[in-house]
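Student: To start, I am sharing the structure in question, which I have written as structure tokens.
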Amino acid sequence: MVILVLWACASASGQTNNIKVCYQKTTMLVFPQNIKDADFGSADIIVRQPKRTANVLKVKAARKAFEPTNISVITTGGKLYSINVYYDEDPPVQAYDTFTQSGTVPTVAFDEAMSPAEIEYYAQQVSISPPRLRRPVFSDNRMKVQLRNIYIKDGLLFFAFSISNHSQIPYDVYFTRFYVRDMARAKRTTALEKEIAPRHVYFSTDSTIIEGEPVTVVAAFDKFTIAEKKHFDIEVYEEGGDRLLKIRIKGRHILAATPFVKPLPVVR
0 MVILVLWACA SASGQTNNIK VCYQKTTMLV FPQNIKDADF GSADIIVRQP KRTANVLKVK
60 AARKAFEPTN ISVITTGGKL YSINVYYDED PPVQAYDTFT QSGTVPTVAF DEAMSPAEIE
120 YYAQQVSISP PRLRRPVFSD NRMKVQLRNI YIKDGLLFFA FSISNHSQIP YDVYFTRFYV
180 RDMARAKRTT ALEKEIAPRH VYFSTDSTII EGEPVTVVAA FDKFTIAEKK HFDIEVYEEG
240 GDRLLKIRIK GRHILAATPF VKPLPVVR
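Residue numbers (numbering that gives the first Met the number 0): 0 to 267.
In structure tokens, the structure reads:
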């Protein structure tokens, strides 16, 4: 997948925790340590971690001229970074590699049952597990996305879904988006959406999907449940195209998650 970034800009002026992004270009953030967790203050920006990277975030505007917002990042060393994000039609810098740690907070301590390497291992194992589910399923533009499994393991939910291409044009995954939508509120006003950041997203093969070679994607999240009038939505966006894929998962599907009992391999 092509990453839209001019790395030559990285050392130009990336010396501040204020960054500027736009709608047409992607801005890259490179941290000194692996990213443990990241959150952002508004759905007006899109924040994603590129595949096969551990210390990089890519950021772009979801709409033009948004109000200033922020991104909070915790790295594996327990460092916390707060980054202000502003809109600019033509930002002068598209890659930042130096950030100042927030000085008003102590080093973050982690308390978790599963390491990033273990999460990736279980995601890979879930991807090759026989499918237990057939729905929900979505088909459009000769593409198909189908939920295969929902597993629970050590406080993490693993959602496995397959993507298949029935056209001659390869589908390049640009980014995925996961959010909870309140449908009860949608009847009164605009739907309330809360984006959920995954702990890990795993592709069984490459993120380019060609005809006759479906790909299984596994997304791992800290456990959660949703009310009856809410849906958990998964969206997959195409790079260089408009084939938007989406499936909607109900709360009863999540509550029926199957325990994943396969143990970690024994290291001798």
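All C-beta atoms, glycine included, are put in the ideal place defined by N, C-alpha and C.
This structure is a prediction, so every number in the text was calculated from the model and none was measured.
In angstroms, rounded to a whole number, what distance separates the CA positions of HIS199 and THR175?
Tutor: Position 200 of the sequence shown, counted from the first residue, corresponds to residue 199. Position 176 of the sequence shown, counted from the first residue, corresponds to residue 175. Rounded to whole angstroms, HIS199 to THR175 spans 11 Å at the Cα level.
Student: Based on DSSP bridge pairs, tell me the residues matched to ALA37.
Tutor: For the purposes of this step, residue 37 is taken as the residue at position 38 of the sequence shown. Beta-bridge pairing links ALA37 to VAL72.
Student: Could you check which residue in VAL217, THR224, ILE151, LYS143 has the C-alpha nearest to that of ASP181?
Tutor: Walking along the sequence shown from the start, residue 181 turns up at place 182. If we check each option's Cα against that of ASP181, THR224 comes out closest.
Student: With a CB to CB cut of under 6 Å and the five nearest residues on each side skipped, what residues in its chain are close to VAL179?
Tutor: Taking the first residue of the sequence shown as 1, we reach residue 179 at position 180. If we look at VAL179 and ignore the five residues flanking it on each side, its Cβ neighbours are LYS193, ILE225, LYS229, PHE231.
Student: Out of GLN23, ARG134, ILE162, TYR120, state which residue places its alpha-carbon closest to the alpha-carbon of ASP87.
Tutor: Here residue 87 refers to the residue found at position 88 when the sequence shown is read from its first residue. Comparing Cα positions, the closest option is GLN23.
Student: Just verifying my parser: in three-state terms, what is the DSSP assignment at GLN48?
Tutor: Start at 1 with the first residue of the sequence shown, and residue 48 comes out as number 49. Here GLN48 sits in coil by DSSP.
Student: Indicate whether ALA122 and TYR201 have their beta-carbon atoms separated by less than 8 Å.
Tutor: If you number the sequence shown from 1, residue 122 lands on position 123. If you number the sequence shown from 1, residue 201 lands on position 202. In contact: ALA122 and TYR201 (Cβ atoms closer than 8 Å).
Student: Is the beta carbon of PHE259 less than 8 Å from the beta carbon of TYR150?
Tutor: For the purposes of this step, residue 259 is identified with residue 260 of the sequence shown, where counting begins at 1. For the purposes of this step, residue 150 is identified with residue 151 of the sequence shown, where counting begins at 1. Their beta carbons are under 8 Å apart, which means PHE259 touches TYR150 by this criterion.
Student: Return the chain-ordered ranges of every beta strand (DSSP E) run that is complete within the stretch 232 to 258 and spans a minimum of 3 residues.
Tutor: Those beta strand (DSSP E) runs which fall completely within the stretch 232 to 258 and span 3+ residues are 244 to 249.
Student: Take the Cβ of LYS19 as the centre, count every other Cβ of all protein chains shown within 10 Å, and call the residue buried at 16 or more, exposed below.
Tutor: Reading the sequence shown from its first residue, position 20 is the one you call residue 19. Classification for LYS19: buried.
Student: Secondary structure at ILE118, three-state DSSP: helix, strand or coil?
Tutor: Working through the sequence shown from its first residue, we reach residue 118 at position 119. If DSSP states are grouped into helix, strand and coil, ILE118 belongs with the helices.
Student: Please classify ARG187: does DSSP put it in a helix, a strand, or coil?
Tutor: Translated into the one-based positions of the sequence shown, residue 187 becomes position 188. Caution applies to ARG187, whose pLDDT of 47 falls short of 50 and renders its modelled position unreliable; the model cannot decide the point.
Student: Rounded to the nearest angstrom, what separates ALA94 and LYS59 at their Cα positions?
Tutor: For this step, residue 94 is matched to residue 95 along the sequence shown. For this step, residue 59 is matched to residue 60 along the sequence shown. Cα to Cα, ALA94 sits roughly 12 Å from LYS59.
Student: What residues are listed by DSSP as bridge partners for MET142?
Tutor: Walking along the sequence shown from the start, residue 142 turns up at place 143. ASP139, ASN164, per the DSSP bridge assignment.
Student: Could you name the residues that DSSP lists as bridge partners for MET27?
Tutor: Reading the sequence shown from its first residue, position 28 is the one you call residue 27. DSSP lists LYS57, ALA94 as partners of MET27.
Student: Here's the rule: buried if 16 or more other CB atoms are within 10 angstroms of the residue's CB, otherwise exposed. What is ALA116?
Tutor: By one-based count along the sequence shown, residue 116 stands at place 117. The residue is exposed, with fewer than 16 neighbouring Cβ atoms inside 10 Å.
Student: Report back the beta-carbon spacing between THR68 and ASP36 to the nearest angstrom; my notes put them in contact at under 8 Å.
Tutor: As a first step, residue 68 must be located in the sequence shown, where it is residue number 69. As a first step, residue 36 must be located in the sequence shown, where it is residue number 37. With a Cβ gap of about 17 Å, THR68 and ASP36 do not count as contacting.
Student: Which whole-angstrom value is the C-beta distance of PRO213 and SER163, which I expect to be below 8 Å?
Tutor: Here residue 213 corresponds to residue number 214 of the sequence shown, with the count starting at 1. Here residue 163 corresponds to residue number 164 of the sequence shown, with the count starting at 1. PRO213 to SER163, Cβ: 4 Å. Contact.
Student: Output yes or no for whether 8 Å exceeds the beta carbon distance between ASN16 and ILE73.
Tutor: Indexing the sequence shown from 1 puts residue 16 at position 17. Indexing the sequence shown from 1 puts residue 73 at position 74. Going by C-beta atoms, ASN16 is not nearer than 8 Å to ILE73.
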